[in-house]
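Engineer: Below you will find the structure I want to go over with you.
Here it is, written out as structure tokens:
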């Protein structure tokens, strides 16, 4: 029994920007594209939320 068995293991990232793609299969590439599309949608939604918040704050401060 090793001393460090109880330490949590780092979860492998499903993708890494700039990684060598020649080692991936067609299925892995398709999966990665799906993951990245989902991430882009998530980022765009957050950007929209922050834009709405910024617009509301700017409108509030223009009143004064």
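In the working numbering, the protein residues as written are 322 to 385. We put the CB at the ideal spot given by N, CA and C, even for glycine. Everything numeric in this text was worked out from a predicted model, so none of it was measured.
Quick one: what's got a C-beta closer than 6 Å to residue 341's C-beta in the same chain, skipping five residues either side?
Structural biologist: Excluding positions up to five away in sequence, the list is empty.
Engineer: Which residue marks the beginning of the alpha helix (DSSP H) containing residue 330, and which one marks its end?
Structural biologist: Neither: residue 330 is in no alpha helix (DSSP H) and is coded neither H nor E.
Engineer: Taking DSSP as the reference, what is the three-state secondary structure of residue 360?
Structural biologist: Three-state DSSP puts residue 360 in a helix.
Engineer: What did DSSP end up calling residue 342 once you bin it into helix, strand or coil?
Structural biologist: In the structure shown, residue 342 sits in a helix (DSSP, three-state: H, G or I).
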